[in-house]
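Take a look at the structure:
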């Protein structure tokens, strides 16, 4: 599946009208998308951990939260006002990571229902919808968002702003309650908020108006910022991440979410402006082991937070990836998995206690990066979403722990007492992320195959090559591309096999082709080979070069017959046409083997969501 073109809004002249500035700003995105990349939650206090880890994480995220009218929001965390964002942007750039802000402000703001704390933690859906209807809250909200854009503009580099995780799922359900499927059905105080900026006053009082206003503000003040809308896996009313029913159709549920998001200025901006650049999604805001042992009976017959790594029972990874792939197809945007639980079932320290809860998502994701990338994901961002969840740092301050050498039995986790490895790191996850993400980035794409040759048949060509160096990750597939006259002639075919010859079918009789081959491993697709010899389909002989106008004379040939007749050579046996067999799906081999923000910034955030050896 081809990834959608990534878009970045770069600087445009400030004196142009809004529409012209948006059009002038659109250029290809610099976000890394050559293969799946990894990032993590990383607060300023944990920046030293990131630097010392030696792991080139490509993304680094933090929450911007606290409420827009509470005098406790992100803009107050450092001086001068908003400096927290500037510090974070600059530190991220110095490390080489793309900074990501999870902008989470509506729920924690003081509103008609009362203060964000504790109302947001008690029922964030009700608090969100009430605050969205308040002109006073929304006026302050737009001003706060404009402050962030000013900081992003001053920074000048690439920055991703993930706007309001969960909120769009609540709005989707609000529209559904009104019998609608689109964002213009959900009321929001936008134009009526009194925020005096044409980017806002030129829209409407709906969820669509909110989305388009934020995009128009970006166009006007920080075109270097990439904006991401959030797809909640429960937004359609069926929770892909926890529903145990085999009858759930992932594509159907993804289509419902995509319909709503596309109407929220993802497909187009009817008020003249840009559209969203990325689609984020979440899996869970707690580790699966916490739901089982620390939640007091949250597991029930209809829902579970353990995913089946064999992809037999539900929920499982195949269903999630089918949901993501459908979202990618219907939104035409790159996808990002965000706040992915950090727990693992590998290290002894994972004993299902506070800070050390087990999960299997990180292990599966690191074991199947090519599958995630094929589904449309360009990045996975690890991080805990609530207190007591597993983190990649020593947040518990308990040092190196290995549970007395005893593995932890987990009846529901598909892996009984398998966390048998001893950790040498104080990280609450035992060092799992630093070790295995580090190993992932130590690998490289395979080199280019050599010696590519082709033999023609009536409707196909048999293409052969020599396997290249795999650069540390076993080759699992090859991609063969046909060429006519030096130009690509048709869709490349990927063969999910390490076999070094394949029958390339569907070629035009009488046409002459060359072929290139690229190898694929767990890291990605390597460079293309040199082109093969030229072959004409329908002929068993390779196409010879055209003769020159004055061919050289043939040298004399001496005839010296043998003293006795030689045995007659057997006539060459005609090879039967052999179409390719159905390729087997290859499974990438993985070597054996985010810190959350302060609780007051994350508490009350709704649930949103192997390395098998």
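Numbering (our numbering), first residue to last: 267 to 879.
A virtual CB, placed ideally from N, CA and C, is assigned to each residue, including glycine.
Item to check | Candidates 750, 706, 773 and 785, of which the one nearest residue 743 by Cα | outcome: The residue you call residue 743 lines up with position 477 of the chain shown. If we check each option's Cα against that of residue 743, 785 comes out closest.
Checklist entry - Looking only at C-alpha atoms, which of 456, 427 and 333 sits nearest to residue 377? => result For the purposes of this step, residue 377 is taken as the residue at position 111 of the chain shown. Nearest option by C-alpha distance: 333.
Item to check | Spatial distance of residue 507 from residue 518 (CA atoms) | outcome: To locate residue 507, count along the chain shown from 1; it is residue 241. To locate residue 518, count along the chain shown from 1; it is residue 252. When rounded, the distance between both Cα atoms is 15 Å.
Next on the checklist: Quick check on DSSP: helix, strand or coil for residue 727?
Outcome noted: Residue mapping note: residue 727 aligns to position 461 of the chain shown, counting from 1. DSSP, read as helix, strand or coil, puts residue 727 in strand.
Item to check | DSSP three-state assignment for residue 363, whether helix, strand or coil | outcome: Numbered from its first residue, the chain shown carries residue 363 at position 97. Note: residue 363 maps to coil in three-state DSSP.
Checklist entry - Where do the ends of the alpha helix (DSSP H) carrying residue 783 lie? => result Within the chain shown, numbered from 1, the residue matching residue 783 stands at position 517. Taken as a continuous stretch (DSSP letters only), residue 783 belongs to no alpha helix (DSSP H), being part of the beta strand (DSSP E) at 778–787.
Checklist entry - Excluding the five sequence neighbours on either side, which residues of its own chain have a C-beta within less than 7 Å of the C-beta of residue 790, listed in chain order? => result For the purposes of this step, residue 790 is taken as the residue at position 524 of the chain shown. Cβ neighbours of residue 790 within its own chain (closer than 7 Å, five residues either side excluded): 300, 301 and 711.
Next on the checklist: I need the DSSP call for residue 309, collapsed to helix, strand or coil.
Outcome noted: Taking the first residue of the chain shown as 1, we reach residue 309 at position 43. Residue state, collapsed to three classes: coil.
Item to check | Distance CB(residue 700)-CB(residue 366) smaller than 8 Å | outcome: The residue you call residue 700 lines up with position 434 of the chain shown. The residue you call residue 366 lines up with position 100 of the chain shown. Contact annotation: residue 700 and residue 366 have beta-carbon atoms that are not nearer than 8 Å.
Next on the checklist: Between which two residues does the alpha helix (DSSP H) holding residue 461 run?
Outcome noted: Translated into positions along the chain shown, residue 461 becomes position 195. In the DSSP assignment, residue 461 falls outside any alpha helix (DSSP H) and carries neither an H nor an E.
Next on the checklist: What does the alpha-carbon distance come out to for the pair residue 803 and residue 765?
Outcome noted: Here the question's residue 803 lines up with position 537 in the chain shown. Here the question's residue 765 lines up with position 499 in the chain shown. Roughly 23 Å between the two C-alpha positions.
Checklist entry - Nearest to residue 363 by CA position, among 330, 325 and 646, is which residue? => result Against the chain shown, residue 363 aligns to sequence position 97. Per the Cα distances, 325.
Checklist entry - Taking the C-alpha atoms as reference points, what is the distance between residue 667 and residue 682? => result Walking along the chain shown from the start, residue 667 turns up at place 401. Walking along the chain shown from the start, residue 682 turns up at place 416. Going from the Cα of residue 667 to the Cα of residue 682 covers about 20 Å.
Item to check | Euclidean distance between Cα positions of residue 457 and residue 473 | outcome: For the purposes of this step, residue 457 is taken as the residue at position 191 of the chain shown. For the purposes of this step, residue 473 is taken as the residue at position 207 of the chain shown. Here the alpha carbons of residue 473 and residue 457 stand approximately 11 Å from one another.
Item to check | Contact set for residue 758: own chain, Cβ-Cβ below 6 Å, skip 5 residues either direction | outcome: Looking up residue 758 in the chain shown gives position 492. Sequence-distant Cβ neighbours of residue 758 in its own chain, meaning closer than 6 Å and more than five residues away, are 745 and 747.
Checklist entry - From which residue to which residue does the alpha helix (DSSP H) around residue 382 run? => result For the purposes of this step, residue 382 is taken as residue 116 along the chain shown, with counting starting at 1. Boundaries of the alpha helix (DSSP H) harbouring residue 382: 382–388, taken from the DSSP string.
Next on the checklist: Spatial neighbours of residue 398 within its chain, please: C-beta separation below 6 Å, excluding the five flanking residues on both sides.
Outcome noted: Here residue 398 refers to the residue found at position 132 of the chain shown. Same-chain partners within the cutoff: 454.
Checklist entry - residue 698 by DSSP, collapsed to three states: which one? => result Against the chain shown, residue 698 aligns to sequence position 432. Correct three-state label for residue 698: helix.
Checklist entry - Taking just the CA atoms, how far does residue 296 sit from residue 274? => result Here residue 274 refers to the residue found at position 8 of the chain shown. Here residue 296 refers to the residue found at position 30 of the chain shown. Any reading at residue 274 needs caution, since the residue's pLDDT is 29, under 50, leaving its predicted position unreliable; the model's value is listed next. Roughly 7 Å separates the two Cα atoms.
Checklist entry - Where do the N-terminal and C-terminal ends of the alpha helix (DSSP H) with residue 329 fall, by residue? => result For this step, residue 329 is matched to residue 63 along the chain shown. Per DSSP, residue 329 is not a residue of any alpha helix (DSSP H); the beta strand (DSSP E) it occupies stretches across 325–330.
Checklist entry - Just how far apart, CA to CA, sit residue 345 and residue 353? => result Mapped onto the chain shown, residue 345 falls at position 79. Mapped onto the chain shown, residue 353 falls at position 87. Roughly 10 Å between the two C-alpha positions.
Item to check | Whole-angstrom C-beta distance between residue 545 and residue 527, which should lie under 8 Å | outcome: Indexing the chain shown from 1 puts residue 527 at position 261. Indexing the chain shown from 1 puts residue 545 at position 279. Here residue 527 really is in contact with residue 545; their C-beta atoms are around 7 Å apart, less than 8 Å.
Next on the checklist: Considering only their Cβ atoms, is the gap separating residue 481 from residue 558 smaller than 8 Å?
Outcome noted: Within the chain shown, the letter at position 292 stands for residue 558. Within the chain shown, the letter at position 215 stands for residue 481. In this structure, the beta-carbon distance from residue 558 to residue 481 does not fall below 8 Å.
Checklist entry - Relative to the C-alpha of residue 451, which residue among 437, 461, 459 and 787 is closest? => result Translated into the one-based positions of the chain shown, residue 451 becomes position 185. The shortest C-alpha separation from residue 451 is found at 437.
Checklist entry - Residues in its own chain within less than 6 Å of residue 403 by CB, not counting five upstream and five downstream? => result Sequence index remark: in the chain shown, residue 403 carries index 137 (1-based). Counting only Cβ-Cβ distances below 6 Å, and skipping sequence neighbours, we find 375, 377 and 397.
Item to check | Residues near residue 476 in its chain [Cβ-Cβ closer than 6 Å; skip 5 each side] | outcome: In the chain shown, the residue the question calls residue 476 occupies position 210. So the qualifying residues of the chain are 454 and 456.
Item to check | Span separating the alpha-carbon of residue 733 from that of residue 800 | outcome: In the chain shown, counting from the first residue as 1, residue 733 sits at position 467. In the chain shown, counting from the first residue as 1, residue 800 sits at position 534. If you take the alpha carbons of residue 733 and residue 800, they lie about 21 Å apart.
Next on the checklist: Count Cβ pairs between the region 616–626 and the region 654–663 that sit closer than 8 Å; are there 3 or more?
Outcome noted: The way I'd put it, the region 616–626 does touch the region 654–663; three or more beta-carbon pairs between them come closer than 8 Å.
Checklist entry - When burial is assigned at 16 or more other CB atoms within 10 Å of the CB, is residue 724 buried or exposed? => result Reading the chain shown from its first residue, position 458 is the one you call residue 724. A residue is called buried when at least 16 other Cβ atoms come within 10 angstroms of its Cβ; residue 724 does not meet this threshold and is exposed.
Next on the checklist: Please give the ranges of any beta strand (DSSP E) in the region 628–716, keeping only runs that are unbroken, at least 3 residues long and fully inside the region.
Outcome noted: Listed in chain order, the complete beta strand (DSSP E) runs (minimum 3 residues) inside the region 628–716 are 643–648.
Checklist entry - With 16 other CB atoms within 10 Å as the buried threshold, where does residue 335 fall? => result Counting from one through the chain shown, the residue named residue 335 turns up at place 69. Buried, by the Cβ-count rule.
Next on the checklist: Is residue 357 a contact residue of the ligand GDP, with contact defined as CB to any heavy atom under 7 Å?
Outcome noted: Within the structure as shown, the ligand GDP is missing, as the structure has no ligands at all.
Next on the checklist: For the structure I just gave you, are there three or more beta carbon pairs, one from the region 716–730 and one from the region 750–757, closer than 8 Å?
Outcome noted: Taking 8 Å as the limit for Cβ pairs, the verdict is that the region 750–757 does not touch the region 716–730.
Item to check | Same chain, Cβ closer than 6 Å to residue 496, five either side skipped, listed in chain order | outcome: One-based indexing of the chain shown puts residue 496 at position 230. For residue 496, where only same-chain residues beyond five positions count, the Cβ hits under 6 Å are 431, 434 and 546.
Checklist entry - What residue from 554, 577, 522 and 777 has the CA that sits closest to residue 592's CA? => result Counting from one through the chain shown, the residue named residue 592 turns up at place 326. Nearest in C-alpha terms to residue 592, of all of 554, 577, 522 and 777, is 522.
Checklist entry - Which residues in the same chain as residue 707 place their Cβ atom closer than 7 Å to its Cβ, once the five residues preceding and following it in sequence are excluded? => result On the chain shown, position 441 is the one that residue 707 refers to. Closer than 7 Å at Cβ, skipping near neighbours: 321 and 322.
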